[in-house]
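J.: Here the protein sequences come in this chain order: A and B. Here the numbering used here is used: the first sequence runs in plain steps of one and ends on residue 114. Here the numbering used here is used: the second sequence runs in plain steps of one and ends on residue 222. For every residue, glycine included, the Cβ atom is placed at its ideal position computed from N, Cα and C.
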Amino acid sequence: DTGVSQDPRHKITKRGQNVTFRCDPISEHNRLYWYRQTLGQGPEFLTYFQNEAQLEKSRLLSDRFSAERPKGSFSTLEIQRTEQGDSAMYLCASSRLISYNEQFFGPGTRLTVL
Amino acid sequence: TQLLEQSPQFLSIQEGENLTVYCNSSSVFSSLQWYRQEPGEGPVLLVTVVTGGEVKKLKRLTFQFGDARKDSSLHITAAQPGDTGLYLCAGEGHHMRFGAGTRLTVKP
Numbered sequence: 001d002t003g004v005s006q007d008p009r010h011k012i013t014k015r016g017q018n019v020t021f022r023c024d025p026i027s028e029h030n031r032l033y034w035y036r037q038t039l040g041q042g043p044e045f046l047t048y049f050q051n052e053a054q055l056e057k058s059r060l061l062s063d064r065f066s067a068e069r070p071k072g073s074f075s076t077l078e079i080q081r082t083e084q085g086d087s088a089m090y091l092c093a094s095s096r097l098i099s100y101n102e103q104f105f106g107p108g109t110r111l112t113v114l
Numbered sequence: 115t116q117l118l119e120q121s122p123q124f125l126s127i128q129e130g131e132n133l134t135v136y137c138n139s140s141s142v143f144s145s146l147q148w149y150r151q152e153p154g155e156g157p158v159l160l161v162t163v164v165t166g167g168e169v170k171k172l173k174r175l176t177f178q179f180g181d182a183r184k185d186s187s188l189h190i191t192a193a194q195p196g197d198t199g200l201y202l203c204a205g206e207g208h209h210m211r212f213g214a215g216t217r218l219t220v221k222p
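As structure tokens, this is what we get:
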């Protein structure tokens, strides 16, 4: 399967713990995006990378959130000191630079903060 | 406030019926995407429309981009239970801006 993959698919954690999610994009895609989706809403943009450079961050991305894409391939999203309001589906997508409006999504990581 | 407003929010129909869902905005988009999302999964890209007035067909699904490139519609002919899902429209930018979606249920 050469699509976007995410790990883990589900994560349950206690408030105050740190969590880290991983995304492996489609191999030839330069751009990688992170979104968050809550129940009844469409995905909301968090941040995106072009190769290893993080080019834009949403104001939704508080200082407890950090994302990396160290070698321009896979990416990690870390949430420190999780809060119940962080419970959501975290989606990763990737695209080619030339067709950035056609993004291919992974299956998501469902985070539940107790 | 959603940049992209989708209607209806929920739609439940019988197999074989036709339906149309809408995506509206006050902004002009150079392209607009439609995605379908099933529970517990990520959105799957269905189509991209680029030109004002453009119509694209994907089997029983017909997508139209408004002449002013501010709105779009998705029409499904003879809906089937497999069409059940959340239909999302998204406008282009360096990051996609999504509507809240139309949740479609097709009953057998």
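1) Please go through the same chain and pick out, in chain order, the residues whose beta-carbon is closer than 7 Å to the beta-carbon of Asp86/A, but skip the five residues on each side of it.
2) Going by DSSP, name the residue or residues bridged to Ile98/A.
3) Do Thr76/A and Glu83/A count as a contact pair if the criterion is CB distance below 8 Å?
4) Taking a contact to mean a Cβ-Cβ separation below 8 Å, would you say Pro43/A touches Pro122/B in this structure?
5) Report yes or no: is there a C-beta of chain A within less than 8 Å of the C-beta of Gln147/B?
6) Name, in chain order, the residues that DSSP records as bridge partners for Lys57/A.
7) What is the DSSP secondary structure of Asp185/B, reduced to helix, strand or coil?
8) Anything in chain A within Cβ reach of His209/B, meaning under 7 Å, just list it in chain order.
9) When DSSP labels each residue in this structure, what does Gln84/A get in the three-state scheme?
10) In this structure, how does DSSP classify Leu108/A when only helix, strand and coil are distinguished?
11) Say whether chain B places a C-beta atom closer than 8 Å to the C-beta of Asp102/A.
12) Among Ser62/A, Pro8/A and Gln41/A, which one has its Cα closest to the Cα of Asp24/A?
13) Suppose the cutoff is 6 Å on Cβ atoms and the five residues either side in sequence are ignored; what does the same chain contact list for Gln167/B look like?
T.: A quick look at the data gives this:
1) Ile79, Leu111 and Val113
2) BP columns for Ile98/A are empty, so no partner.
3) no
4) no
5) yes
6) Thr47/A
7) strand
8) Tyr33, Phe45, Tyr48 and Glu56
9) helix
10) Checking the sequence, you will find Gly at residue 108/A rather than Leu. In this structure, Gly108/A counts as coil in the three-state DSSP scheme.
11) A quick correction: the sequence has Glu, not Asp, at residue 102/A. True, the Cβ-Cβ gap to chain B drops below 8 Å.
12) Pro8/A
13) It should be pointed out that residue 167/B corresponds to Gly in this sequence rather than to Gln. Hits under 6 Å: Asp181.
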